[in-house]
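Peer 1: Structure below; questions to follow.
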Amino acid sequence: TFTSSRISSLNRHMKTHTNEKPYTCHLCLKAFRTVTILRNHINTHTGTRPYKCDDCDMAFVTSGERARHRRYKHTHEKPFKCSMCAYASVEASKLKRHIRSHTGERPFQCHLCSYAGKDAYKVKRHMRTHSGERPYECHVCHARFTQRGTMKIHVLQKHGENVPKYQCPHCDTVTARKSDLRVHLLKLHTYEAAEMKCRYCSAVFHERYALIQHQKTHKNEKRFKCEHCSYACKQKRHMAVHVRTHTGEKPFACLSCNRRFQQKQLLNVHVKKYHDTTFVPTVYRCPRCGKGYSRLVSY
DNA sequence: AGATCTTGCGCCCTCTGCTGGATTTAA
DNA sequence: ATTAAATCCAGCAGAGGGCGCAAGATCT
Numbered sequence: 195t196f197t198s199s200r201i202s203s204l205n206r207h208m209k210t211h212t213n214e215k216p217y218t219c220h221l222c223l224k225a226f227r228t229v230t231i232l233r234n235h236i237n238t239h240t241g242t243r244p245y246k247c248d249d250c251d252m253a254f255v256t257s258g259e260r261a262r263h264r265r266y267k268h269t270h271e272k273p274f275k276c277s278m279c280a281y282a283s284v285e286a287s288k289l290k291r292h293i294r295s296h297t298g299e300r301p302f303q304c305h306l307c308s309y310a311g312k313d314a315y316k317v318k319r320h321m322r323t324h325s326g327e328r329p330y331e332c333h334v335c336h337a338r339f340t341q342r343g344t345m346k347i348h349v350l351q352k353h354g355e356n357v358p359k360y361q362c363p364h365c366d367t368v369t370a371r372k373s374d375l376r377v378h379l380l381k382l383h384t385y386e387a388a389e390m391k392c393r394y395c396s397a398v399f400h401e402r403y404a405l406i407q408h409q410k411t412h413k414n415e416k417r418f419k420c421e422h423c424s425y426a427c428k429q430k431r432h433m434a435v436h437v438r439t440h441t442g443e444k445p446f447a448c449l450s451c452n453r454r455f456q457q458k459q460l461l462n463v464h465v466k467k468y469h470d471t472t473f474v475p476t477v478y479r480c481p482r483c484g485k486g487y488s489r490l491v492s493y
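Each number in the numbering used here corresponds to the 1-based position in the first sequence with 194 added.
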């Protein structure tokens, strides 16, 4: 809907609706509407960049490109302001893209799955998850990656020296990645409404790290205490055996005579002594070291 | 008509942070 | 030896910066 007070402008505007392109590039045969556009186009072939930036050594084909560059790099003027937050941009298209992060609109649909992106690049990058393409290679170990950023972090962590570390403010844990420190804080240093009980005593905690530290203080104690007598031991399995002296339970039966034992070891000794025909009893024992022999010659 | 702004689309880049499987460590 | 939890790590998406290029609009 073009409106103008002058008939000449209207005529000129009407020309934009015709597809007349009389000016042709002799290098690539592309056609253009005006000589100026053609000239700019040829400059892209020849590398001629007449518009130099005053503040750095960049140069551009059009004055508009230079103006935009100066906003980005030097004046930092950002005319496009977001009405919902503090964001401002140099270009209208950037504001438009930004607005989608408020609205959640995702106009760019992947044609292979349900993913949709807020801009075209997201979908393009996403397509690598379908193609399996991994364009970025580590120059040291030649491992390949789907994104450059992932490759860079790999090179830093695996092959770099004086790698940055993330120190936990609450304990001496150090992680290589910031997001892993976040996970650590969440799992170990977050207040839990539910009480967490010590495995060995009645102490109660609301922070996992405190619980674990506390449980370590039990480490060299005989943590397993018999309910029926004063016996205590460091290992759970020892207590299991001990408890049978109170219950009288004898889980191990001899297959030959059906005699029962509290401990497997006791059964083994029994079998060897009474039912193993190849077993030779110790007859001659050395008085100095206690070692036993079946024959006098060996002794 | 030509020159010069202004718009608009496109391409590619970086930084950032979450996730879940693999590996290591401790009980 | 087994197992549970912690840490490592690559995959992958969100958000935004910067430039290339040509068409549209306006000025001279």
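All C-beta atoms, glycine included, are put in the ideal place defined by N, C-alpha and C. Fair warning: this is a prediction, and the values are worked out from it, not measured in the lab.
Roughly how many angstroms lie between the CA atoms of isoleucine 347 and alanine 310, to the nearest whole one?
Peer 2: Approximately 27 Å, taken between the alpha carbons.
Peer 1: By the three-class DSSP mapping on this structure, what secondary structure does alanine 388 have?
Peer 2: It is coil, neither helix nor strand.
Peer 1: Let me know the secondary structure DSSP gives lysine 359 once reduced to three states.
Peer 2: Three-state DSSP puts lysine 359 in coil, outside helix and strand.
Peer 1: Quick check on the burial criterion: 16 or more other C-beta atoms within 10 angstroms. Buried or exposed for leucine 461?
Peer 2: Buried, because 16 or more other Cβ atoms sit within 10 Å of the Cβ of leucine 461.
Peer 1: Could you give the first and the last residue of the continuous alpha helix (DSSP H) run that contains glutamine 409?
Peer 2: Start and end: 402-410.
Peer 1: Which same chain residues, not among the five before or five after threonine 256, have their C-beta less than 7 Å away from its C-beta?
Peer 2: Contacts found: Asn234 and Tyr245.
Peer 1: Helix, strand or coil: which one does DSSP assign to histidine 207?
Peer 2: Note that histidine 207 scores 46 on pLDDT, short of 50, meaning its location in the model is unreliable; the coordinates nonetheless yield the value given after this. Looking at histidine 207 - three-state DSSP - the assignment turns out to be helix.
Peer 1: Quick check on valine 398: does DSSP put it in helix, strand or coil?
Peer 2: Valine 398 falls in the strand class under three-state DSSP.
Peer 1: Thinking C-beta only, is glutamate 331 closer than 7 Å to proline 338?
Peer 2: The sequence given here places arginine at residue 338; proline does not occur at that position. Against a cut-off of 7 Å, the Cβ pair of glutamate 331 and arginine 338 comes out as a contact.
Peer 1: My assumption, with CB atoms under 8 Å, is that arginine 264 sits in contact with cysteine 279. Please give the rounded CB distance.
Peer 2: Going by Cβ atoms, the distance from arginine 264 to cysteine 279 rounds to 25 Å, so no, they are not a contact pair.
Peer 1: Could you work out which residue in Leu405, Glu386 and Arg319 is closest to cysteine 395 when comparing CA atoms only?
Peer 2: Out of Leu405, Glu386 and Arg319, Leu405 has the C-alpha closest to the C-alpha of cysteine 395.
Peer 1: How long is the line joining the alpha carbons of glutamine 361 and glutamine 457, rounded to whole angstroms?
Peer 2: When rounded, the distance between both Cα atoms is 50 Å.
Peer 1: Bridge partners of tyrosine 468, per DSSP?
Peer 2: Paired residue(s): none; tyrosine 468 is not in a bridge.
Peer 1: Here's the rule: buried if 16 or more other CB atoms are within 10 angstroms of the residue's CB, otherwise exposed. What is arginine 260?
Peer 2: Buried, by the Cβ-count rule.
Peer 1: How would you call valine 229, buried or exposed, if buried means at least 16 neighbouring beta carbons within 10 angstroms?
Peer 2: Answer is exposed; the Cβ neighbour count stays below 16.
Peer 1: Taking just the CA atoms, how far does valine 437 sit from alanine 447?
Peer 2: So the two alpha carbons sit approximately 18 Å from each other.
Peer 1: Tell me, please, which residues DSSP counts as bridged to alanine 447.
Peer 2: Answer is Arg454, bridged to alanine 447.
Peer 1: Run the CB neighbour count on leucine 350, radius 10 Å, all protein chains shown included, and call it buried at 16 or more, exposed below.
Peer 2: With fewer than 16 other Cβ atoms within 10 Å, it is exposed.
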